[in-house]
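**Student:** Add 27 to a position in the sequence shown, counting from 1, and you land on the number used in our numbering.
The beta carbon of each residue, even a glycine, is placed where N, CA and C say it ideally should be.
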Amino acid sequence: MKICVLGAGVIGLTTAWCLAEAGHDVVIVDRHASTAKGASAANGGQLSYAFVAPLASPATLLKLPSLLLSPDSPMRIRAGLDPALISWGARFLLACRPAAVRETIAAQLALAALSRSELARLSQSLMLSFGLRTAGKLVVFRSRREFDTARRMITAKPGEDGQQVLTPAECLALEPALRLDASELAGGIFTASEQIGDCAAFCAGLTLRLRRQRNVEWILGTEVIGPVRSGGRLVAIDTGNGHVQADRFVLCMGTASSAFARACGFYLPIYPLKGYSITLTPAPGAHVIRHSVTDMERKLVFAPLALDGHTAIRVAGIADLESNNTTIDTSRVEILRRASAELLGMNTAGDIEPWCGLRPTTPDSRPIIGWSPLDGLFINSGHGMLGWTLACGSARLTADMIDRKPEANEASVFALRRAA
Ligand SMILES: Cc1cc2nc3c(=O)[nH]c(=O)nc-3n(C[C@H](O)[C@H](O)[C@H](O)COP(=O)(O)OP(=O)(O)OC[C@H]3O[C@@H](n4cnc5c(N)ncnc54)[C@H](O)[C@@H]3O)c2cc1C
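(1) Quick one, are the C-beta atoms of Gly204 and Leu371 less than 9 Å apart?
(2) List in chain order: all unbroken alpha helix (DSSP H) runs of 4+ residues lying wholly within the segment 163 to 217.
(3) Would you mind reading off the limits of the beta strand (DSSP E) that contains Thr321?
(4) What does Cys383 pair with, by DSSP beta-bridge criteria?
(5) Tell me the residue span of the beta strand (DSSP E) that contains Ser257.
(6) Could you check whether the Cβ of Cys419 sits closer than 8 Å to any heavy atom belonging to ligand 1?
(7) Check the C-beta distance from Leu173 over to Ala77 and give it rounded, since I have them as a contact under 8 Å.
(8) Using the beta-carbon count (16 or more within 10 Å), is Gly336 buried or exposed?
(9) For Ile252, which residues in the same chain have their Cβ closer than 8 Å to its Cβ, ignoring the five residues on either side in sequence?
(10) Following a CB-centred definition, is Gln222 positioned closer than 8 Å to any heavy atom of ligand 1?
(11) Out of Ile395, Met154, Gly414, which one is the CA nearest neighbour of Phe405?
(12) Spatial neighbours of Trp245 within its chain, please: C-beta separation below 6 Å, excluding the five flanking residues on both sides.
(13) In whole angstroms, what is the alpha-carbon distance linking Leu96 and Ser84?
(14) Could you tell me whether any non-hydrogen atom of ligand 1 is closer than 8 Å to the CB of Ala343?
(15) Alpha carbon to alpha carbon, how far is Val320 from Met373? Give it in angstroms, no decimals.
(16) Going by DSSP, what residues sit across from Arg341 in a beta bridge?
(17) May I have the straight-line CA-CA distance separating Gly312 from Gly302, to the nearest angstrom?
(18) Buried or exposed, going by whether 16 or more other CB atoms sit within 10 Å of the CB of Gly409?
(19) What would DSSP say about Phe441, mapped onto helix, strand or coil?
(20) Exposed or buried, Val37, counting other C-beta atoms within 10 Å across all chains shown (16 or more means buried)?
(21) Just curious, the alpha helix (DSSP H) that Met428 is in, first and last residue?
(22) Is Lys272 helix, strand or coil when you go by DSSP?
(23) Cβ of Ile252 within 8 Å of any heavy atom in ligand 1?
(24) When you compare only the Cα positions, how much space is there between Ala43 and Ala35?
(25) Near Thr41, which residues of its chain fall below 6 Å by C-beta distance, leaving aside the five closest residues on each side in sequence?
(26) Since Ala66 and Pro387 should fall inside the 8 Å C-beta cutoff, what is the C-beta to C-beta distance between them, to a whole number of angstroms?
(27) Verify the contact flag: Thr308, CB atom, against every heavy atom of ligand 1, threshold strictly below 8 Å.
(28) Where does Val360 sit, in a helix, a strand or coil, going by DSSP?
(29) Ligand 1 heavy atoms versus the CB of Val255: any closer than 8 Å?
(30) Can you find the residues in the same chain that come closer than 7 Å, C-beta to C-beta, to Val360, ignoring five residues on each side of it along the sequence?
(31) Do Phe329 and Ala228 count as a contact pair if the criterion is CB distance below 9 Å?
(32) Compute the Euclidean distance between the alpha carbons of Pro400 and Met280, then round it to the nearest angstrom.
(33) Answer yes or no: do Gly344 and Gly224 have a C-beta to C-beta separation smaller than 9 Å?
(34) Below 9 Å between beta carbons: does that hold for Thr375 and Arg364?
(35) Along the chain, which unbroken stretches of the alpha helix (DSSP H) at least 4 residues long are found entirely within the segment 214 to 242?
(36) Below 9 Å between beta carbons: does that hold for Asn70 and Cys226?
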């Protein structure tokens with residue numbers, strides 16, 4: 028079968044690999060001249076398999092007024108009366124119900140487990156080098172209420188994958204590079220099995236391997252403009268350079284997936300959640316964090332990544348709702364810069380490589396993986412804050428569902444109908 032993958036971010040590339048591996052002829056189309064130039068370019072690097080905290084939750088709902096009103100808040104709305112945000116927001120409120128949150132966590136954990144084993148398989152069999160490391164992840168909480176809620180949601184038994192509840196003093200003993208006073212913390216949760224890795228380097232390595240595949244064709248630097256239908260079925264896509272025909276199409280265009288869906292005649296609830304990262308090079312001999320660290324209150328992540336043979340600290344966070352605006356706002360970068368100086372004592376005066384990306388986010392924080400209402404079009408998109416973590420499992424599920432393998436039938440928790 029000839030299958031056209033729309034979008035060459037981490038989701039499109041992993042999908043293309045699984046489809047090519049299954050023997051399909053694959054065509055990859057992207058508007059950029061090279062791969063992973065969207066949200067996958069400089070993300071936080073955390074592979075969070077065991078600790079999933081959906082954005083839509085009763086806790087977020089409670090904090091929403093203070094989150095939206097404080098100028099230094101990690102979350103901000105600058106979208107005016109955007110009808111797309113209003114429809115998305117209404118669904119987000121419904122997704123904050125405890126039953127919906129429980130369902131999301133269970134679904135994410137299952138997909139994360141599949142992703143972990145698929146990432147290990149891919150990186151070993153293809154000999155990909157992207158700094159993959161089981162660094163362990165420490166989540167620190169400043170609010171007692173948030174800490175208590177997180178403790179109740181612990182997903183693995185102690186010892187099973189090393190998930191431990193820590194006192195403030197234990198957090199600081201585990202990660203002495205943190206410049207925090209124990210009195211500032213309510214506690215922490217440490218998951219020894221969590222991993223980190225550079226998503227951009229993974230995508231670059233996978234791109235090279237895909238280029239060696241005879242059954243993979245590339246159409247880069249080419250904008251997908253819209254669908255071409257015949258007899259109620261998607262038969263081609265319209266690009267600036269003509270039509271691309273295929274038997275099936277997989278939509279992996281990140282935040283642009285919803286506009287393509289609209290052109291196909293259906294609603295895809297994916298909204299851009301803008302985030303920022305900076306990348307810091309520690310001074311020689313500096314005492315740096317060894318694990319990845321999440322500051323839950325500030326919604327910031329810090330990861331010691333191996334980039335081009337040296338250790339760099341990737342600091343990422345912020346969740347701004349401002350439609351498709353990809354301009355870097357220096358006041359938002361300043362939040363990351365200040366936090367790095369305060370929490371890690373890092374010198375942020377030099378080059379900090381500021382970057383922003385749009386997370387393709389669904390109201391319930393679950394990706395949409397399944398057939399669309401338009402015949403011939405499959406969706407693998409909307410991975411929000413966990414796209415790097417969930418990419419390989421989502422790609423596996425996509426290839427198995429397209430090939431109608433029986434084990435992929437369980438995926439109704441990711442179907443479009445639960446979200447639209
Ligand atoms: C600041 C930040 C930190 C993050 N940290 C983490 C983390 O620590 N761990 C984690 O798991 N996840 C993290 N994420 C989330 C993760 O990066 C995303 O979920 C993931 O990159 C989404 O991948 P994607 O392939 O769906 O989208 P993208 O990478 O955006 O790819 C979409 C592709 O579609 C192409 N495209 C779009 N429109 C068109 C068109 N019309 N024609 C042709 N091509 C088109 C684009 O060029 C792009 O290449 C973070 C995200 C951000 C922004």
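**Tutor:** The relevant details are as follows:
(1) Here the question's residue 204 lines up with position 177 in the sequence shown. Here the question's residue 371 lines up with position 344 in the sequence shown. At residue 204 the sequence reads Ala, which differs from the Gly that was named. Yes, Cβ-Cβ distance for Ala204 and Leu371 is below 9 Å.
(2) 171 to 179, 195 to 201
(3) Looking up residue 321 in the sequence shown gives position 294. Segment 319 to 322, the beta strand (DSSP E) holding Thr321.
(4) As a first step, residue 383 must be located in the sequence shown, where it is residue number 356. Per DSSP, Tyr303.
(5) Mapped onto the sequence shown, residue 257 falls at position 230. Note, Ser257: beta strand (DSSP E), 251 to 257.
(6) Locating residue 419 in the sequence shown gives position 392, where the first residue counts as 1. No, since every heavy atom of ligand 1 falls outside the 8 Å radius drawn around the Cβ of Cys419.
(7) Mapped onto the sequence shown, residue 173 falls at position 146. Mapped onto the sequence shown, residue 77 falls at position 50. Before going on, a small fix: residue 173 reads as Glu here, not Leu. Contact flag wrong, Cβ pair sits at about 18 Å.
(8) Within the sequence shown, numbered from 1, the residue matching residue 336 stands at position 309. The residue is exposed, with fewer than 16 neighbouring Cβ atoms inside 10 Å.
(9) As a first step, residue 252 is located in the sequence shown; it is residue number 225 there, counting from the start. Cβ neighbours of Ile252 beyond the five flanking positions: Ile264, Asp265, Thr266, Gly267.
(10) In the sequence shown, the residue the question calls residue 222 occupies position 195. No; taking the cut-off as 8 Å, the Cβ of Gln222 has no heavy atom of ligand 1 nearer than that.
(11) As a position in the sequence shown, residue 405 is number 378, starting the count at 1. Of the candidates Ile395, Met154, Gly414, the one whose C-alpha sits nearest the C-alpha of Phe405 is Ile395.
(12) As a working note, residue 245 is residue 218 in the sequence shown. Within the same chain, Trp245 has close Cβ partners Ile55.
(13) Mapped onto the sequence shown, residue 96 falls at position 69. Mapped onto the sequence shown, residue 84 falls at position 57. Spanning the two alpha carbons is a distance of roughly 19 Å.
(14) Your numbering for residue 343 matches position 316 in the sequence shown. True, at least one ligand heavy atom lies under 8 Å from that Cβ.
(15) Residue mapping note: residue 373 aligns to position 346 of the sequence shown, counting from 1. Residue mapping note: residue 320 aligns to position 293 of the sequence shown, counting from 1. Each residue's alpha carbon lies about 15 Å from the other.
(16) By 1-based counting over the sequence shown, the position of residue 341 is 314. According to DSSP, Arg341 bridges with Thr306, Ala330.
(17) Residue 312 sits at position 285 when you count from the first residue of the sequence shown. Residue 302 sits at position 275 when you count from the first residue of the sequence shown. When rounded, the distance between both Cα atoms is 30 Å.
(18) Translated into positions along the sequence shown, residue 409 becomes position 382. When all chains shown are included, Gly409 counts as buried.
(19) Along the sequence shown, one-based indexing puts residue 441 at 414. Looking at Phe441 - three-state DSSP - the assignment turns out to be helix.
(20) Taking the sequence shown and counting its residues from 1, one reaches residue 37 at position 10. Val37 comes out buried.
(21) The residue you call residue 428 lines up with position 401 of the sequence shown. Counting along the chain, the alpha helix (DSSP H) containing Met428 begins and ends at 414 to 429.
(22) As a first step, residue 272 must be located in the sequence shown, where it is residue number 245. Residue 272 is actually Gln in this sequence, not Lys. Strand at Gln272.
(23) Taking the sequence shown and counting its residues from 1, the one referred to as residue 252 is at position 225. Ile252: yes, Cβ under 8 Å from ligand 1.
(24) Along the sequence shown, one-based indexing puts residue 43 at 16. Along the sequence shown, one-based indexing puts residue 35 at 8. Rounded to the nearest angstrom, the two C-alpha atoms are 9 Å apart.
(25) Position 14 of the sequence shown, counting from 1, holds the residue named residue 41. Once the five neighbours on either side are set aside, the close Cβ partners of Thr41 are Ala418, Cys419, Ala422.
(26) Numbered from its first residue, the sequence shown carries residue 66 at position 39. Numbered from its first residue, the sequence shown carries residue 387 at position 360. Indeed they touch by this definition, with Cβ atoms about 7 Å apart.
(27) Taking the sequence shown and counting its residues from 1, one reaches residue 308 at position 281. Checking every heavy atom of ligand 1 against the Cβ of Thr308, none is found closer than 8 Å.
(28) Position 333 of the sequence shown, counting from 1, holds the residue named residue 360. It is helical.
(29) As a working note, residue 255 is residue 228 in the sequence shown. Not under cutoff, so the answer is no.
(30) In the sequence shown, residue 360 corresponds to position 333, counting from 1. Hits under 7 Å: Tyr303, Ile305, Pro381.
(31) For the purposes of this step, residue 228 is taken as residue 201 along the sequence shown, with counting starting at 1. For the purposes of this step, residue 329 is taken as residue 302 along the sequence shown, with counting starting at 1. No; because the gap between Cβ atoms is not below 9 Å, this pair is not in contact.
(32) For the purposes of this step, residue 400 is taken as the residue at position 373 of the sequence shown. For the purposes of this step, residue 280 is taken as the residue at position 253 of the sequence shown. For Pro400 and Met280, the distance between alpha carbons rounds to 17 Å.
(33) Position 317 of the sequence shown, counted from the first residue, corresponds to residue 344. Position 197 of the sequence shown, counted from the first residue, corresponds to residue 224. No; because the gap between Cβ atoms is not below 9 Å, this pair is not in contact.
(34) For the purposes of this step, residue 375 is taken as the residue at position 348 of the sequence shown. For the purposes of this step, residue 364 is taken as the residue at position 337 of the sequence shown. Contact: yes.
(35) 226 to 238
(36) Residue mapping note: residue 70 aligns to position 43 of the sequence shown, counting from 1. Residue mapping note: residue 226 aligns to position 199 of the sequence shown, counting from 1. Contact: yes.
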